[in-house]
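Structure, as structure tokens:
Spelled out as structure tokens, the structure:
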């Protein structure tokens, strides 16, 4: 039979946290321990070990920490603040205190730290899941092993239940950052308006992938030329009502094609006549060097000479 009572007058479970996202949270547990005769445990170095457990049948340890407390003048009263930097973490050390109390993500714990299961045991919390807490204590001066307090539910107080929501909305309905490492940024009214415009498809900051049904697709508008355009930049120049782009070296204007252009130069090659550098020009075959006439007859044969370009260079008649 145990010579010690379990924790009596288990008086307070309180969670405290700072305002910064990066600041650690702590959990304070207070109570009193006495021996079987009702006398307060008065050791000067009583060790308290506190475990936060999953509430399902696996009972996996999610957080485990021990603290040494001086009860020599406290009449058995103790106060342990988990995660305040004065305790010693026990295995497993996978999750922080804040993570161990969170219902946002599933847990994977080695079966070594679970009541049931093998290998890696998974626990997926429901949104309203609480946790179990197991407290053990030992006075090394008078006790050879830990004395365990039966598991208890680690329940939120009345107003802490409301902290699971924001204005009545659950966490799943709130726009939030995932695993932030610093102070979360805030939205300005202008940014909120732009976000709403993006959702509504009416933002003018970006070109839509589909053409607008009444206004067409929007591109940036600039009076003149952007200060530092990059290659491939395109915009509408409001000063000249022109569509322009930057090719990486110069700014160019996209023309509309009025049909009033002219030629640059048409040169008559070998065997051709005509050509010109503007306006309407014509090209004609040059003389071939053979006189017009008929070559060959009933009693003679024509002799035709053709050069490498297929031109007739001479013609004669032979008997």
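Numbering (the working numbering), first residue to last: -5 to 313. The C-beta atom is built at its ideal place from N, Cα and C for all residues, glycine as well.
Taken in chain order, the complete alpha helix (DSSP H) segments of 4 or more residues contained in the segment 139 to 167 are 152 to 156. Where residue 190 is concerned, the enclosing alpha helix (DSSP H) starts and stops at 183 to 194.
Across the set 239, 61, 270, 297, the C-alpha of 61 shows the shortest separation from the C-alpha of residue 130. Excluding sequence positions up to five before and after residue 213, its CB lies within less than 7 Å of the CB of 201, 228, 229, 230, all in the same chain and listed in chain order. Beta-bridge analysis with DSSP links residue 101 to 117. A check of alpha carbon separations from residue 137 across 41, 286, 146 identifies 41 as the nearest.
Taking a C-beta distance under 9 Å as the contact criterion, residue 55 and residue 76 do not qualify as a contact pair. When DSSP states are grouped into helix, strand and coil, residue 47 belongs to the strand group. DSSP places residue 24 inside the beta strand (DSSP E), whose first and last residues are 20 to 26. The Cβ atoms of residue 270 and residue 280 lie no closer than 9 Å to each other. The beta carbon of residue 242 is closer than 6 Å to those of 225 in its chain, skipping five residues each way along the sequence. In terms of Cα proximity to residue 127, the closest of 286, 257, 48, 109 is 48. Taking all protein chains shown into account, residue 186 has fewer than 16 neighbouring C-beta atoms within 10 Å of its C-beta and is therefore exposed. By the neighbour-count criterion, in which a residue is buried when 16 or more other Cβ atoms sit within 10 angstroms of its Cβ, residue 309 is buried. Residue environment for residue 59: buried (at least 16 other C-beta atoms within 10 angstroms of its C-beta).
With fewer than 16 other Cβ atoms inside 10 Å of its own Cβ, residue 167 counts as exposed. Judged by their CB atoms, residue 283 and residue 307 are nearer to each other than the 9 Å cut-off. Going by C-alpha positions, residue 33 is about 26 Å away from residue 81.
The residue among 285, 135, 254 with its C-alpha nearest the C-alpha of residue 274 is 254. The continuous stretches of alpha helix (DSSP H) do not include residue 95, and DSSP gives it neither H nor E. The beta strand (DSSP E) runs of length 3 or more contained entirely in the segment 211 to 265 are, from start to end of the chain, 228 to 231, 236 to 240, 245 to 248. Secondary-structure assignment with DSSP links residue 109 through no beta bridge to anything. Annotation: residue 149 to residue 53 spans about 16 Å, alpha carbon to alpha carbon. If the five residues before and after residue 267 are omitted, its C-beta is found closer than 6 Å to the C-beta atoms of 278, 280, all from its own chain and listed in chain order. By the neighbour-count criterion, in which a residue is buried when 16 or more other Cβ atoms sit within 10 angstroms of its Cβ, residue 46 is buried. Of the candidates 169, 96, 70, 64, 169 places its Cα closest to the Cα of residue 189.
When only Cα atoms are considered, residue 160 and residue 26 end up about 36 Å apart. Secondary-structure assignment with DSSP links residue 82 through a beta bridge to 60.
Contact check for residue 87 against residue 36 fails: the beta carbons are separated by 9 Å or more.
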